[in-house]
Amino acid sequence: MTVWPEARTGEVDDFNTVDMTINVGPQHPATHGVFRMVLTVDGEMVVDCEPYIGYLHRGLEKLTENHDYRQSMGWWDRTDYLAGMCCEFAYCMAVEKLAGFEVPERAEYIRVMMAELSRILSHFMFLGAFGADVGSFGTSFIYAWRERERIYDFFEEVSGDRMFPTYFRPGGVQMDLPENYESRIRELLGWLEQGLEDFDGLLVGNEIFVERCRGLSPVTPEQAINWGLSGPMIRATGLAHDIRRAEPYSVYPRLKFNIPVGRNGDVFDRFMVRMAEAYQSMKIVEQCLEQIPKGLVLNPDLPKTLRIADAECYVRTEGTKGEYGVYGMARGGVNPYRMKLRSPSFCNLSALREMVVGHYVADAIIILGSLDIVLGEVDK
Amino acid sequence: MPIDSFGDALFGLPSWIDAIIRIVLVVLAMTVVVIYLTYGERKVVARFQQRLGPTETGPAGLIQGLADALKLVTKEDIRPTNADRWVFELAPYATFIPVLMMLMALPFAADWGVRNLTLGLFYVFAILGLNIVGILMAGLGSGNKYALLGGVRAAAQMISYEIPLVISLLCVVMITGADANPDGSNGVGSLNLNVIAALQADRPFLVLQPLAFLIFFTAMLSELHRAPFDIPVAESEIVGGYFVEYSGIRWSMFQLTEYASMWGFSVFGSVVFLGGWAWPYGMFDWDAPWWAQLAATMVKSLLFITLIFWVRTTVPRLRIDQLMSFCWKVLLPMSILQMAMNGVILVYDWPQELLAASSAAGAAVLIAIIIRRAVRRPSRDLVGTYKTLGAPAQ
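The listed protein sequences derive, respectively, from chains L and A. Residues are numbered in my numbering as their position in the first sequence, beginning at 1, plus a constant of 1409. Residues are numbered in my numbering as their position in the second sequence, beginning at 1, plus a constant of 8.
And the structure:
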């Protein structure tokens, strides 16, 4: 008969059983990338969970120190690779704050539009992947993919690349939008609305889905603050904490939008908050289309080579997963002295053990999915 | 009734040669059906998901299943070092043989089946119970924790769901008792699948027993490990469950089992509830030729299978405790209720319309229990409220 490693060492007889460890990841259909967690289970119940990260570590911060300010753009795209533009936004803001550049108004609007479209992109990814975690056999995944492809197509028209656009520049954006951008974005928003409706019907209108998610691993606002959660994770608990409002940047103060919040902080609320946020992002993009002025998209006074004297800054933005912060430090020269990323996925993930212990194995997978981590951001 | 001729020599040959010919025909049919079911599933699911499915291998991808089978057979047969050798190697056969044996009792047409058993219905689910042994063998013998979890889950689930399954079938057997005597009085029910089919010449039992049908269909999904009851093979949790360590031909045995039992269950269900080979021909008082009867059975079983595919693509997975409580707290009481209602109506010789009406009411109750929350559509309310909650717009 087969003997488990635990059973070989532990005292096992008819009355004393041992807990079993299950390895989930880094190659596992449910880990959203190369995350690994070792679950200790008693039957179907999780009694302990030990996460392991670092499989996607690429030395982002060190690479940034060794390249000049503009060269590093591409690395930062690849942190939250589901919403590259949001990361570029934060990085560019940090560089601008260090150097003290002005950004043309048109460029600010373009940036906000792109960041909000990226947010929709990332939230669609979550909706699709979460549906697959709950077990809807890839249908939700493919639904999400359809809308994501359309956004990606638009990104390609704008920047020349789909996933890693490298479109933002310190001091503006690389080039102006294509001529037909307004009709294209409106068309896109129509599709996205339809896509969200489809998700509403496929998942939220489903008894099993609601039954599995509602009341699962509720987080109180106090716990959320203590654990350092941010983004949809903290808003699901009922706290309307959004950097776009708490510490407004770019043109967000001029835009009208609501902050969706949940009530119980459970998995269902996290799902619903992200869905409602996608609606709000669409609203923001629409307003941008109305308000966007004509003009330059890149500050013309920029030097050929950026050299920044002693400066220090911390920039907070609302990334797709939460507070995406960049701490920058310049000590002269063409390279930054330090660029530190405060990644929301990493902070949200650190609360995984507290959320998972005491639940079923199947629920552990769902809870991990509801954190909506992206490993490029966790491992940097 | 053509039942009397069933079991006679088909080609005028001795009985045992005849039996072998029938077995070979059924096994060949099963192979072809399984290959095209995998193809069909991929096509149907692809359409649900706005994809095309296989298109390249042969016209419209028609020989994709054949190519897959060929690939699987030629692949290396890997046995993990940690596995229990004989348990591991025999498990696929222990899973597959009960399904094959079940196919032997199914009446595909009035005269087309391997054997016409007097206790056919009893035989089918008795044999299917053996399936669990093979799955447990695979789960325990693989030396893999995912497989162990999958095997244990499968055993718990299949044993639990067998009870409502059997009770819902017995409800139909009770009805056959009402019909069996020509003078209309209650007789003894029949477990013979051919008799059950022939008695539905005028109307399928689905009309009389919708509640039993719903319970049967749900329990059948569970027995087949199909969504939303695919917990033992949950890909996103335990990566495939009890057959995670199998490869090549042994893995294809599990695949064969899955689709063959799906087909077998569908034929079985269409014989018991949808009239099998007898309906709708009996309605027109037309003694249908064998190929028409065969076509009727196959079309009905394909309807069943399409329904299974449909459910699979749209419905998420239950959790193990929800699965168990659904079986013991909802399905089992409802199936006993159906049985009790049938009993009362049959004992007092009340008309069949009452039978249909009471069962339909029960089915409505069951559906209401299942979708009680989804009807409220929380999403629309919540997205609406979320939009207005939180910080006010600036």
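Cβ atoms here follow ideal geometry from the backbone N, Cα and C, with glycine treated the same way.
- For L/Pro1587, the CB contacts under 7 Å within the same chain, skipping 5 residues up- and downstream, are Glu1566 and Val1567 in chain order.
- Ranked by Cα distance from L/Tyr1590, the options L/Phe1573, L/Met1684 and L/Leu1698 are led by L/Leu1698.
- By the rule that beta-carbons nearer than 7 Å mark a contact, A/Ser168 does not touch chain L.
- For A/Ala155, the three-state secondary structure derived from DSSP is helix.
- The C-beta of L/Pro1630 comes no closer than 7 Å to any C-beta of chain A.
- Interface flag for A/Thr321 against chain L is set, since a Cβ pair is found closer than 7 Å.
- DSSP, reduced to helix, strand and coil, places L/Arg1557 within a helical segment of the structure shown.
- Think of a sphere of 9 Å around the beta carbon of L/Arg1555: the chain A residues whose beta carbon falls inside it are Gln58, in chain order.
- Not flagged as an interface residue toward chain L: A/Glu253, since no C-beta distance is shorter than 7 Å.
- A Cβ-Cβ contact shorter than 7 Å links L/Arg1725 with L/Ile1652.
- Contacts with chain A (Cβ-Cβ distance below 9 Å) from the region 1606 to 1628 of chain L involve Phe1608, Asp1609, Gly1610, Leu1611, Leu1612, Val1613, Gly1614, Asn1615, Glu1616, Ile1617, Phe1618, Val1619, Glu1620, Arg1621 and Arg1623, listed in chain order.
- Short of 8 Å from the beta carbon of L/Ile1776, and not among the five residues preceding or following it, lie these beta carbons of its own chain, in chain order: Leu1625, Ser1626, Val1676, Leu1761, Met1764, Val1765 and His1768.
- The C-beta separation of L/Ile1782 from L/Leu1758 comes to about 5 Å, placing the pair in contact by the 8 Å criterion.
- It is roughly 39 Å from the alpha-carbon of L/Val1743 to the alpha-carbon of L/Asn1635.
- Here the alpha carbon of A/Leu108 sits roughly 23 Å from the alpha carbon of A/Phe237.
- Membership of L/Leu1750 in the beta strand (DSSP E) is indicated by the continuous run Arg1747 to Arg1751.
- Assigned with DSSP and collapsed to three states, A/Gly61 falls in coil, not helix or strand.
- DSSP places A/Tyr356 outside both helix and strand once states are collapsed to three, so it counts as coil.
- Using a Cβ-Cβ cut-off of 7 Å, L/Ile1551 is close to Gln57, Gln58 and Arg59 of chain A, given in chain order.
- Against chain A, the CB of L/Ala1720 has no partner CB under 7 Å away; the residue lies outside that interface.
- The C-alpha of L/Asn1615 lies about 34 Å from the C-alpha of A/Leu70.
- Classified as buried, A/Gly121 has 16 or more neighbouring CB atoms from the shown chains inside 10 Å of its CB.
- The DSSP-derived three-state label of A/Val122 is coil.
- DSSP places A/Thr265 within a helical segment (H, G or I) once states are collapsed to three.
- Excluding its 5 nearest sequence neighbours in each direction, L/Glu1786 has C-beta neighbours in its own chain below 6 Å: Thr1488, Asp1489, Ser1752 and Ser1754, listed in chain order.
- Chain A places no beta carbon closer than 7 Å to that of L/Asp1675, leaving this residue out of the contacts.
- The beta carbons of A/Ala134 and A/Ala146 sit about 21 Å from each other, so the pair does not count as a contact at 8 Å.
- Nearest neighbour of L/Phe1550 by Cα position, chosen from A/Gln301, A/Leu148, A/Val53 and A/Ile204, turns out to be A/Val53.
- The region 227 to 244 of chain A makes no contact with the region 55 to 72 of chain A; the number of CB pairs closer than 8 Å stays below 3.
- In this structure, A/Ser367 lies away from A/Gln165, with their beta-carbon atoms at least 7 Å apart.
- When beta bridges are read from the DSSP output, L/Asn1432 appears opposite L/Val1447.
- In this structure A/Leu127 is exposed. Its beta-carbon is surrounded by fewer than 16 other beta-carbon atoms within 10 angstroms.
- Under the Cβ criterion (8 Å, minimum of three pairs), the region 1542 to 1558 of chain L counts as touching the region 311 to 324 of chain A.
- Along the region 1759 to 1770 of chain L, the positions whose C-beta sits under 9 Å from a C-beta of chain A are Tyr1769 and Val1770, read in chain order.
- A/Leu114 sits buried, since 16 or more C-beta atoms from the chains shown fall within 10 Å of its C-beta.
- Secondary structure remark: continuous beta strand (DSSP E) runs of at least 3 residues inside the region 1555 to 1638 of chain L: none found.
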